[in-house]
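So the structure is just underneath, and the comments pick up after that.
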Amino acid sequence: MMAFPISEATPVVHAGAPPQQTDVVVIGGGVVGVCTALFLAEAGHHVVLLEKGRIAAEQSSRNWGWIRQQGRDPHELGIMAESNRIWRDLASRTNVDIGLVQGGVSYLAKTDEEMAVYEAWLDHARAHGVDSRLLSNAETQALIPGMSQSYAGALYTATDLRAEPWVTVPALAGIAARAGARLIENCAVRTLDIQAGRVTGVMTEQGRIKASSVVLAGGAWSSLFLRNAGVALPQLSVRATVAATEPLPQMYQGGAADDKIAFRARADGGYSLAAGGFHELFIGPDAFRALPKFLTQLRNDPFGTRFKASAPTGFPDAWGTPRSWSAEAQSPFERMRVLNPAPNPKKLRNLQRDFAALFPAFGPIKLKSAWAGMIDTMPDVVPVMDRVDAIKGLVVGTGFSGHGFGIGPAAGRVLSALVTGADVGHDLHRFRLSRFTDGSKMDIGPSV
Ligand SMILES: Cc1cc2nc3c(=O)[nH]c(=O)nc-3n(C[C@H](O)[C@H](O)[C@H](O)COP(=O)(O)OP(=O)(O)OC[C@H]3O[C@@H](n4cnc5c(N)ncnc54)[C@H](O)[C@@H]3O)c2cc1C
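For what it's worth, the working numbering labels the leading residue of the sequence shown as 75, then goes sequentially.
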């Protein structure tokens, strides 16, 4: 099988020594950090983005590539509509084809109860002008021909998009670099420099950078980084396994999922496959610490997450991972340049079996590649996009909980506005950091 295309062996594209000073440092070269750097550079600010490994080597290349409005928390919908517009603009500015296609997204319902849940979510779609609608059994069969299962119907959003993640995010980084952002790969940020409650810069493995603003977009590493700076963030990471098939007949151009399997047409003629609603949590000290905040989620969906005794060495919540370090010491970030969990082999076999059973005309399913990613998830399944009150000048954009690829471009625009003081354009109350400490009950968005 083909090796995962971005790894520590991938040649460094964005090299060089960090400058001694800049206006803004962005930590993390995933879709969120890259888009934040892009909007800051376009607004005329000096910005340096530091990535411990390679651009998009973690979640931002490993995801399903769904750019969906469908099923989102209502507070995300306005930001997501903006993101859809930005995606179309960015796709016309890249040097390569990122595979942006308006293929739609459909959630396939086996029962009338599932259809009722989808129907209830439609109120949010209507309120935000999203074109989602319910499909009947016959409409579902017509949209996705050849399925052996007869579904009660589906929730369908025709204007949802898809793109090829591991091509896309490096291409967006290219736009950011051309806009004037300085990107540096293989350069971990160890610690923040803080004086009198204000950020004054960062210490990297290649020396100090002075900056009056820092954006943390560290994905699955954000909680570990913040803890060392004295800020608590109840964020955990779960493993999700994905596979890509060899080319097959194309019967539908979008993404679809039922309770067992999710599939999405790929630009290379195959399909990306994943198990719908299945995640694995490696138990570590953070899992125990964050448990009280995650209890509501666990009660709502007791079987959605499988537990594993401990994480592999070097993972953010492994038992042996240091929780504090100094600016001069090697940090956990440089010890693991690329978080590359092994896919779950049993899940891969199940995916082949289930996809072949759903589309019998395809015959046995051959996999071209398989991988896994660690999804950074929050107790209420929505991200943090906020300034940190305790450390002036620090902005956090993290915890996108399995749906940050699609919203990434607009999240970058929003985070850049939080830095510069420009109009954010959306109500960010839902995404405030203080919701975990101000006594708020965990308000989990619609789980559709
Ligand atoms: C299997 C899977 C399927 C998914 N499917 C979808 C989907 O279909 N649609 C969707 O919208 N979303 C999806 N997601 C979620 C989406 O991929 C993420 O929400 C999104 O990529 C998060 O982007 P990010 O920039 O916040 O984090 P990441 O992409 O994880 O990037 C964070 C980066 O920060 C770097 N970093 C961390 N700490 C430091 C440090 N101290 N110094 C320097 N660099 C540092 C890391 O190396 C990493 O590259 C999926 C995720 C997975 C894993």
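Note that CB positions come from ideal geometry on N, CA and C, so glycine has one too. All values reported here derive from a predicted model rather than from experimental measurement.
Ranked by how close their Cα comes to the Cα of Lys334, the residues Asn424, Gly104 and Asn158 have Asn424 in first place. Per DSSP, reduced to three states, the secondary structure at Gly118 is coil, with no helix or strand assignment.
With 16 or more other Cβ atoms inside 10 Å of its own Cβ, Pro417 counts as buried. Uninterrupted alpha helix (DSSP H) stretches at least 4 residues long and entirely within the segment 468-496 occur at 478-494, given in chain order. Around the Cβ of Trp393, a 10 Å sphere holds fewer than 16 other Cβ atoms; the residue is exposed. Between Ser296 and Asp512 a beta carbon distance of about 20 Å is seen, past the 8 Å cut, so the two are scored as non-contacting.
CA-CA distance, Phe78 to Ala444, rounds to 7 Å. Taking the Cα positions, Pro244 is about 7 Å away from Ala130. With at least 16 other beta carbons inside 10 angstroms of its own, Thr110 counts as buried.
Glu279 has its alpha-carbon roughly 11 Å from the corresponding atom of Ser400. Under the three-state reduction of DSSP, Val105 is assigned to helix.
Secondary structure in the segment 224-255: the beta strand (DSSP E) runs of 3 residues or longer, each lying completely within the stretch, are 227-231 in chain order. Look at Ser346 here: in three-state DSSP terms it is strand.
As DSSP reads the structure, Leu209 sits in a beta bridge with Ala228. Within the segment 303-380, the complete alpha helix (DSSP H) runs of at least 4 residues fall at 359-374. Taking the CA atoms as reference points, Ser180 sits about 14 Å from Met221. The C-beta separation of Val108 from Val170 comes to about 15 Å, leaving the pair out of contact by the 8 Å criterion. Cβ neighbours of Tyr326 within its own chain (closer than 7 Å, five residues either side excluded): Leu217, Ile218 and Ala339. The beta carbon of Val100 sits no closer than 7 Å to any heavy atom of ligand 1.
Apart from the 5 residues on each side of it in sequence, Thr494 sits with its Cβ closer than 8 Å to the Cβ of Leu114, Ala117 and His119 in its chain, given in chain order.
Taking the Cβ atoms as the reference, Glu238 lies roughly 6 Å from Ile172, within the contact range of under 8 Å.
When the beta-carbon positions are compared, Ala247 and Gly343 stay at least 8 Å from each other.
Closest by C-alpha distance to Asp332, out of Gln309, Ala294 and Tyr225, is Tyr225.
The beta carbon of Lys184 sits closer than 8 Å to the beta carbons of Gln223, Tyr225, Ala226, Asp332 and Asp333 from its chain, once the five residues preceding and following it are set aside; these are given in chain order. Its chain contains Val179, Asp234 and Gly480 as the residues whose beta carbon lies nearer than 6 Å to that of Arg142, once the 5 sequence neighbours on both sides are disregarded; these appear in chain order.
The residue among Val469, Leu266 and Arg506 with its C-alpha nearest the C-alpha of Ala491 is Val469.
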